[in-house]
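If you're matching positions, the sequence shown starts at 63 in our numbering and goes up one per residue. These notes concern the structure reproduced below.
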Amino acid sequence: DLGKEGAKPKLLKIDIREDTTGDKMVERRFTEGIQRASLSNDGKAIVFALGGDIWVMDANGGEARAVTNDAFLNDNPRLSPDGRSISFYSNRSGNSDIWVIGTNGQGLRQITTNAADDFFQNWSPDGQSVVFCSTRSGNKDIWIKGVDGSPAVQLTTDLESDDDPVFSPDGRQIAFDSGRSGNADIYVMDVDGKNQRRVYGTPAIEEVPTFSPDGRFLAFDRITRGASFFRQDVVVTDINGSGEVLVGEGSYPSYTPDGKEILYVDGEGKLTYAPAPVGINSGRSVPFVAVREVSEKAEMLKAFDEAHTAFGMSFYDPNFHGKDWVALGKKYRALVEACGCREEFLYYLNKMVGEVNASHSGASGSTMKAKPYETGYLGMELVPEVMPGNRLRMRVDSVEKGGPADQVWIREGDYIFRVDRQAVSASENFYEKLEGKVGKNVSLFVADNPNGENFREVTIKPESWMARRQRMYQQFVQGNKLESAKQSRGKVAYVHIASMMPQNLNLFENELASPQVQSAKALIIDVRDNGGGNIHQQLVDILSRRSYAYMQLRNGMRIGQPQVSWNRPIVVLINERSYSDAEVFPHAIKTLGLGTVIGVQTAGAVIGTRDIRLSDGTNWRLPSTGFFNIDGMNQEHNGCIPDITVEITPDDQLNGRDPQLKKAIEVLLDQIKTGGAPSTEQPGTPTTPAKEGEFCEPPVALPMDE
């Protein structure tokens, strides 16, 4: 007791033990997440890659059996013609090589031993050789090698990448994809590499071909992507490339032996059979389950290696924005080796890719064992106040128009005392009472005074976060439309594009063709708070069209050709939350001189990307396509700079002011008056209020100045 006279301090020995979790063995159960799959020649078995290992199961699904279960990346399994062996590529030798293993997991042997990477192999019909892609020539080319150890022979030598080779059923031809025409298209050549010819291609990417059993058709993957849009489909064409049929959204097709169905992997990593060559909605699913026990640490290291390799091979800039990608891999792999949980693993993956400082990149995946309840929104701003007895009341500071509270008897200045007839203490979180209550009746005790006198019981149905967001968005758009019409006397129309996705393109075309917009003399296109997509080309095309004719009905009404176009002044609104394709679009507007851009500089986050699923289920983004202006400026890190900079201050936001919109209206009215911007009237497009019968409604609610 140091309080006693003469007491002296003494040294205490305290042992603090490290809180370590150590490595754990866990059981993983998969019913989706397949990366690549193929059918056996007899159609009785499916072999697939999942979780970095090779699996085999019955062609109709069921429980899968692991053929490999190790710390290496094993991919692209292909059953031999006799169904007894599986070829695949693996990094178990330090780089990617071709290996063969028995379907029983025995007899592992290495087929290729080159220091370069070999991958995407397929068997010859007689099972005596494999055709594969290799970088041993310094470029991706097609090679062929006997499984008996005979030397590999190079079949293609083009300067562009040749990939994904596959034999025809008779063994006389090889189909593959090649970038020699500008992007990946489908090619065919003789088995000795002669007579190479392009069979089919579009502006999209066509890859991973496979022959039908009769050799008359080719099924392949088509990848369509943009600044932040990615879609993969299975498509079929004939051997002459004379047409195509879309089979379904997915990848890695395989024909059944009778040629009547195609097996492919859908976007969730599930297996689907679809009729060949037609049918999108008439396919049948293949349920499966794959169970294994794995070391959590080994699983994380395998996924890390996969992520590092995939990003290293795909990133659009070979200099990785000035970073040493190999060194970063070594640095963060050492940290992952010490990870104790999945949260740490995802953290280090994102730290690693974060050092490259690139948008459209990163790792994501659930770390929660149970789905959380969704909190319901009441549609009002509440201020907590502590009452005597440590009880809580919530003062209604404001009520959102059109929200749940606005639809019942609750107004600004009211007080809430109970939720579902239960008082809330000051130590509780009021909003926890609304968990799991979306769309359900909730009872609130409400009074118009702080003492709770003469309270009333109100039944309210909380809305979801998404419903609230959509409601607020619609109010934002309608408010801006009304403000534009009011301030311009109907001369300026307003359209907001929420995202650069196909459905928003359809909405834009419909609005542009509407009487309200076509009767205006100028247009505001608002892409503020737009997260991106891939419709900039279509938007620019619409805004670049010029009138060439018009149709006239008996009643004298004229319809311009093309029907959907715009030749009058335009302002595009942008802000710091305009991302990706919503930046490509205003860059194009400025480059082509189609309009005036107003707002603040965009984010500078423009890379074409795609997602892959790592062996542990982690979603991993691969930013693989850069976007550059015609002067060579990289749009990544160089956001679109507006022609006129106008900021929105916090005070503007608090008081509901939009100086960017105000400036857009002002600029357009001046351009209308002076003719200082492109303003070519379309034949047949009314510039005065429509006559009765021409349109079903007037262009705007306010009269237009003449």
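Here a beta-carbon is modelled for each residue, glycine too, at the ideal position from N, C-alpha and C.
First and last residue of the alpha helix (DSSP H) that includes residue i?
i, result
"S546", "527 to 550"
"K413", "404 to 416"
"F92", "Note, F92: premise wrong, no alpha helix (DSSP H); beta strand (DSSP E) at 87 to 92."
"N566", "564 to 575"
"W387", "387 to 399"
"K359", "358 to 376"
"H649", "643 to 654"
"F736", "A small correction: the amino acid at residue 736 is Thr; Phe does not occupy that position in the sequence shown. Run containing T736: 721 to 736, per the alpha helix (DSSP H) assignment."
"D713", "712 to 716"
"L73", "Where L73 is concerned, there is no enclosing alpha helix (DSSP H), given that its DSSP letter is neither H nor E."
Would residue i pass as a contact of residue j if the rule is Cβ separation under 8 Å?
i, j, result
"Q600", "L567", "yes"
"G331", "G95", "yes"
"W628", "I604", "yes"
"N138", "Q183", "yes"
"Y314", "E323", "no"
"S640", "T664", "yes"
"I597", "T653", "no"
"P275", "D104", "no"
"G384", "L408", "no"
"N452", "A488", "yes"
"N637", "D591", "yes"
"V633", "G655", "no"
"R483", "S505", "yes"
"P271", "F282", "yes"
"I472", "V458", "yes"
"A126", "D115", "no"
"A246", "D239", "yes"
"A360", "A177", "no"
Would you please state the rounded distance, in angstroms, between the beta carbons of residue i and residue j? I believe it to be under 8 Å.
i, j, result
"I248", "E268", "5 Å"
"Q172", "D159", "6 Å"
"K207", "T175", "Actually they do not touch by this definition, with Cβ atoms about 10 Å apart."
"Y378", "I651", "Contact flag wrong, Cβ pair sits at about 24 Å."
"G441", "V461", "7 Å"
"S677", "K256", "Contact flag wrong, Cβ pair sits at about 39 Å."
"L585", "V557", "7 Å"
"N681", "A425", "7 Å"
"F229", "V193", "6 Å"
Quick check on the burial criterion: 16 or more other C-beta atoms within 10 angstroms. Buried or exposed for residue i?
i, result
"A582", "buried"
"F690", "exposed"
"M119", "buried"
"D210", "exposed"
"A763", "Only weak support exists for where A763 lies, its pLDDT of 31 falling under 50; the value from the coordinates is given anyway. The residue in question, A763, is exposed, as its Cβ has fewer than 16 Cβ neighbours within 10 Å."
"Q168", "exposed"
"Y535", "exposed"
"C403", "exposed"
"K753", "No answer about K753 holds up, because its pLDDT of 34 lies below 50 and its placement is not dependable."
"K202", "buried"
"D85", "exposed"
"P704", "buried"
"M430", "With a pLDDT of 49 at M430, under the threshold of 50, the modelled position of this residue cannot be trusted; read the value that follows with caution. The residue in question, M430, is exposed, as its Cβ has fewer than 16 Cβ neighbours within 10 Å."
"S212", "exposed"
"N542", "buried"
"V356", "buried"
"A289", "Residue placement at A289 cannot be trusted, given a pLDDT of 49 that sits under 50; the coordinates are not used to answer."
Out of the options, which one is the CA nearest neighbour of residue i?
i, options, result
"R91", "L723, V708, V353, V297", "V353"
"P577", "I597, A555, I586, R590", "A555"
"P143", "S186, E406, L170", "S186"
"L397", "Q537, G374, E368, M362", "M362"
"W387", "R483, S642, A360, A420", "A420"
"Y326", "I108, S642, Q697, E571", "I108"
"D588", "P648, R198, A547", "P648"
"S526", "R551, F507, E545, G465", "G465"
"L390", "N412, A560, A400", "N412"
"V470", "E519, M528, E443, K495", "E519"
"K106", "R146, K523, R242", "R146"
"D15", "G424, F150, Y394", "As shown, the chain starts at 63 and ends at 768. That puts residue 15 outside it, with no answer to give."
"L731", "V539, R630, T371", "R630"
Starting from residue i, trace the beta strand (DSSP E) in both directions and tell me its first and last residue.
i, result
"R480", "477 to 481"
"D180", "180 to 185"
"H772", "Any property of residue 772 remains undetermined from this structure, which presents the chain solely from 63 to 768."
"D295", "292 to 300"
"L141", "136 to 141"
Spell out whether any CB of chain C is found under 8 Å from the CB atom of residue i.
i, result
"S186", "Given the protein chain composition of this structure (a single chain), no chain C is represented."
With respect to 7 Å, is the separation between the Cβ of residue i and the closest non-hydrogen atom of the ligand ADP below this value?
i, result
"I108", "The ligand ADP is not among the ligands present in this structure, which contains no ligands whatsoever."
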